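Written below as structure tokens is the structure these notes are about.
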Amino acid sequence: MKKTVVLSVLLISFSISSQVQELKQNSDAAREKFASAKPLIKAKDLVHYVNPFIGTGGHGHTFPGAVLPFGMIQVGPDTRYEGWDGCSGYHYSDSVIYGFSHTHLSGTGVPDYADVLLVPQQGVLNTVPGYKKANGFGSKFSHAKEKALPGYYHVELENGITADLTATLRCAFHQYRYSAPKGKRYIIIDLGYRDKVLDVSVTKTGTNSVTGKRISDAWATHQHLYFSLQTSVSIKKTKWIQDPKNGNYLFVMEFPEGVKEISVRIGISGTSEEGATANLNAELSTPDFDLVRSRALDAWNRELGKIQAESKDEKILTNFYTALYHSYVHPSLWSDVDGKYRDFNDQIKQSETPMYSVFSLWDTYRGANPLYTITQADRVPHFVESFYQQYKNTGLLPVWPLSNNETNCMIGYHSVSVIADAYLKGIPLKDPEGLLEAMIASSTADQLGKKQYEEIGFISASSQAESVSKTLEYAYDDWCIAKFAEKLGKTEIARKYQIRSANWMNLMHPETRFFQPRKEGIFLPFFNPNEVNHHFTEANGWQYSLAAPQYIQVLIDMHGGNEGMMNFLDTLFLGSSYMSGREQADITGLIGQYAHGNEPSHHMAYTYNYCGAPGKTQFFIDTILKSFYTNEPDGLSGNEDCGQMSAWYVLSAMGFYPVSPGSPTYAIGRPVMDAVRIITGKKDFWIVTENNSPENKYIQSITWKYDNDAAVVYQKLFITHDMIMNGGTLRIQMGPKPNKELANYELDLRNEINPGFVPVPFFTTSQTMFESQMEVGIDVLFFEKGKIYYSLDGEKFQPFYKQGGDNIILNETATVYAKVVREGGAESKVVKSEFVKYVHDKKITLATEYANRYSGGGSQALVDGQQGTNEYRGTEWQGFSGKNVEGIIELSEKKEISTIQVSYLQDQKSWIFPPKSISVEVSDDGVSFKKVGKVAGVSVEAGATPETGTITLEITPVACKFIRFTIENYGPCPDWHLGKGNPTWLFLDEIQVN
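And the structure:
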């Protein structure tokens, strides 16, 4: 369900004529007494505030199984075989459990894992997978007979078997109780579940022991999983059932009749069966299930107890500790107990440092990773070392690693944010010089538009999809690199990346003040900030409109100062939630155009702090906390995203959030807890919220007390990382109305643009094609005082006089180059656009509607003379889903034709296939047509890489004025394709008539 909060009126007046008088402060003695008091909640009780079922419904994509903090294994029930809402393997709306697998992903938007599915049975053996055929194995269950705590899961299946699960870091403990007094007992090991199996084996190694492996292909295209298990009851018989054609690989273990209970202890590894056995022997030698479960609960209590919160509202405490729990599911341990792990070159390596995987960095760099610098400061160097070892393997830092596979999911090189944020907060990291080298390599690799970004200062929409989002996020990452280099004393590198970090300005349109897509030197026409399209990553123009947090004050200035930005934010939050363009399931949790269900919006409400309206920050943070986090299965507004959605709640509920990670500061928002105690290992950090209630959501005053010093008035809208880690008490007084004096409090993130950066100019025309003559103007951002220069050869530049001068007049095809030069000599990058003169000798009328987001530039795209690239989301392709393409080309006059050539794109991963056939008819009057020919399409092979191609129909020369064509869709996705049976796309560009 798409969650939306509608604010139809301005809910509160933020401009108050008189303020509540400053409340009298408590005495130092009273504060000392409170600060030294024990919290109302004891650490041992915290697991009972966690509801693992939050997020298992809706689109949260969480799972309720047993896992230890950052553990390798996540053992739990599997109810959903496929589909987007089955990414975790479990969905609360389901009623059948197929079995219990050992790996699960928490909150991702792509499915994978669910390795080594155990299926307990009694009575008649059923070896037909219930997730593929009706009446196959699996059992109905009721949520009334299901429960979960951190590290523990229990369910009573309707087939009479009760399952209890718990875990260590690398091992799982299953306890199955069979209710039937007689009959055979079975446990099936299903190794064909979900993934495509590349290699598989199982061996019975003893009377009660089995080892095996599965190498599989899914999101992680070459995932290694090895296991070693021991049963509490001797295995009577085994049977191997293999059906590669249907992807079935089952190992059946039969146990003596009438056995009431069977326990299974299993260790897993990414290295080998021996590694899995070593993990099992080291971590799970005891047969005492209750002892293992108790240890799991203790482990969670220790981690959850690092933040001790007080609230009069039990629902808030449940939301808080469940969020903290979800924040600690991933990243996942990847190395074995002996330090061995499988690297990205499929080699087994040894490490003294624990290695980790499952880093959803596009999501977690914003809040989850900064949270770890507070509560997991000892683990953060291990996370970073895992990054560094991937760089040593592959030459690049991670983007989205899964097991020892780089999925390259999402955009940016946000591992640099995690590294810089940790280092700038004083967390010691191994080999900072080597890490800087890795940062530079990742930012300059010849991939994903990075070279063009470096050359011209932005990514052109014609060369890369999601060009706006990539440009903005690369610029932020470059700022992190600059800060890291500056900390190391690398002045020149820091300066270079400071300049690069301002590249976001190159996409700001001077009139709309939105970041807009550019095709080389021109802004694309018809921009609509409400439209969801392929220029943005899972978002629209509104949701990326504040994606320059590193220069938030400069961004405010570009919106006309505080008032201008405040008006912009009001429109964002209080306007319509209507969106056009493609359907994007990730855009949920809407307040106006703010989308809390996806990460680009997560810092937006805090922006009010920086434009003189902190009361609005407090109001909207309060609204988000209450509206989009609830104690129910559908309690999250979007994907959990490996902890980011929950980390936002944890941080914001405490009262602060990192607006721009890489800065060791946190913006103050609206604390909902009555008190929070963060145990850092030095002195505790307290946030005490007085006069706190649902109505009293506005900060009236703040005081700060460190150690034995006297409390002082604190007039800042941020706190520092050092304040948290060194301890002290931040006391916040709340009230029912905003205190406008807070607008005068000191702010963080006062970064200035390096004077060496000069924004690139842009051409004022919106078209690059012309018939007879083209007039080209050049302009700059409204504040730019530098002079514009242009060239027609890229070498000899001459001044362009914007004021009172003539525009450039083109009569033939030409490439125009432009740059800006300031008085001090600083220059912008050079931008260029090719303006093409073409003979307008035909027009096209399509009978088939193309997808709006793949318009190719408009109705005449198929005959405009411009060719597309291998990127289907570029600016030239027209896309048609699941249907034939029909249309008529009208020539300017009757002509003799002999060939018709159609350009197409093939990109199987995106379900884009070449035409099945092309047929053509001709006419003199556009009414009566006759057939002149048909040609078959090209053959398709599985695994073909994206490529463009042409299909040519040669006909007997014939004179005509009208050409009617039918381009036949390939048909449903073939059986070997991931989208088997679903409609395919046709992507077309030029139709040439000769």
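For the sequence shown, the residue numbers in my numbering are 35 to 1028.
Just so you know, even glycine gets a beta-carbon here, dropped at the ideal spot from N, CA and C.
Here the structure is a predicted model, which is why all the values come from computation and not from measurement.
Hey, quick one: how far does the alpha helix (DSSP H) through residue i stretch, first residue to last?
i	result
D591	I586 to M592
V502	S501 to K521
L405	A402 to T409
I474	P466 to T478
L199	Where L199 is concerned, there is no enclosing alpha helix (DSSP H), although the beta strand (DSSP E) it sits in stretches over I195 to A201.
Q550	No alpha helix (DSSP H) holds Q550; DSSP gives it neither H nor E.
L325	F323 to L338
E489	K484 to I490
M106	Counting along the chain, M106 falls outside any alpha helix (DSSP H), and DSSP gives it neither H nor E.
Please identify the residue among the options whose C-alpha is closest to the C-alpha of residue i.
i	options	result
V814	I382, F834 and D827	F834
F914	I923, E905, W945 and I922	W945
S497	K167, R907 and K917	R907
F817	S437, H208, M592 and H136	M592
M803	T982, Y628, G164 and H874	H874
V746	S735, H755 and S306	S735
K521	F557, Y487 and E467	E467
P1017	F947, A687 and C994	F947
F417	Y355, P365 and D455	P365
Y406	L358, T1000, S303 and W911	L358
G575	P559, D620, A148 and V502	V502
I269	H569, K731, Q423 and R219	R219
K771	R704, N742 and Q424	R704
L80	N353, P154, E192 and Y748	N353
N730	G649, Y663 and R998	G649
K995	L1020, L1022 and I878	I878
R315	V371, G94 and T305	According to the sequence displayed, residue 315 carries Asn and not Arg. N315 has its Cα closest to that of V371, out of V371, G94 and T305.
P103	R413, R529, A182 and T320	R413
Q1058	Y399, F393, T409 and D397	In the structure as shown, the chain begins at 35 and stops at 1028. Residue 1058 is therefore absent and cannot be evaluated.
For residue i, which of helix, strand or coil comes out of DSSP?
i	result
G598	helix
D741	coil
K279	helix
N439	strand
I88	coil
H1011	coil
I658	helix
I755	Residue identity check: residue 755 is His in the sequence provided, not Ile. Helix at H755.
A258	Note that residue 258 corresponds to His in the displayed sequence, not to Ala. If DSSP states are grouped into helix, strand and coil, H258 belongs with the strands.
F354	helix
K349	helix
L558	coil
K238	strand
E56	Residue confidence is low: E56 scores 33 on pLDDT, short of 50, so the model does not pin down where it sits. No coordinate-derived value is stated.
H360	helix
F914	strand
S70	Residue confidence for S70 is low, a pLDDT of 41 falling below 50, so the modelled location carries little weight; the figure read from the coordinates is stated next. Correct three-state label for S70: helix.
R784	coil
Should residue i be counted as a contact of the ligand SAH given a C-beta to heavy atom distance under 7 Å?
i	result
I758	Inclusion of the ligand SAH in the displayed structure is not the case, the ligand content being empty and no account of it being possible.
If I measure Cβ to Cβ from residue i and keep anything under 6 Å in the same chain, skipping five residues before and after, which residues do I get?
i	result
L202	In the sequence as displayed, the identity of residue 202 is Thr instead of Leu. Result list for T202: E317 and L318, in chain order.
F207	T200, R299, F323 and V326
L351	Y83 and S345
G194	S213 and A214
E487	The sequence shown places Tyr at residue 487, rather than the Glu named in the question. Counting only Cβ-Cβ distances below 6 Å, and skipping sequence neighbours, we find I493 and Y508.
G226	G281, N282 and Y283
I341	I712
Near residue i, which residues of its chain fall below 7 Å by C-beta distance, leaving aside the five closest residues on each side in sequence?
i	result
E29	Any property of residue 29 remains undetermined from this structure, which presents the chain solely from 35 to 1028.
Which residue marks the beginning of the beta strand (DSSP E) containing residue i, and which one marks its end?
i	result
K426	Segment V414 to T428 is the alpha helix (DSSP H) holding K426; no beta strand (DSSP E) there.
D1023	W1019 to V1027
I721	F719 to E724
Who are the Cβ neighbours of residue i in its own chain at under 8 Å, not counting the five residues just before and after it?
i	result
H543	F549, Q550, F557 and F561
Original post:
Quick check: the stretch 895-902 against the stretch 821-834, are there 3 or more CB pairs under 8 Å?
Top reply: Flag = no, the stretch 895-902 and the stretch 821-834 do not touch.
**OP:** Report yes or no: do three or more beta-carbon pairs, one from the stretch 792-801 and one from the stretch 536-552, lie closer than 8 Å?
**Re:** With a cut-off of 8 Å on Cβ pairs, the stretch 792-801 is in contact with the stretch 536-552, counting three or more such pairs.
Original post:
Are there three or more Cβ pairs, one per stretch, closer than 8 Å when the stretch 495-514 is compared with the stretch 663-681?
Top reply: No, the stretch 495-514 does not touch the stretch 663-681.
Original post:
Are three or more beta carbon pairs between the stretch 330-340 and the stretch 280-293 nearer than 8 Å?
Top reply: No, the stretch 330-340 is not in contact with the stretch 280-293.
Original post:
Taking contact to mean at least 3 C-beta pairs separated by less than 8 Å, is the stretch 300-313 in contact with the stretch 273-282?
Top reply: Contact between the stretch 300-313 and the stretch 273-282 is not established, with fewer than three Cβ pairs separated by less than 8 Å.
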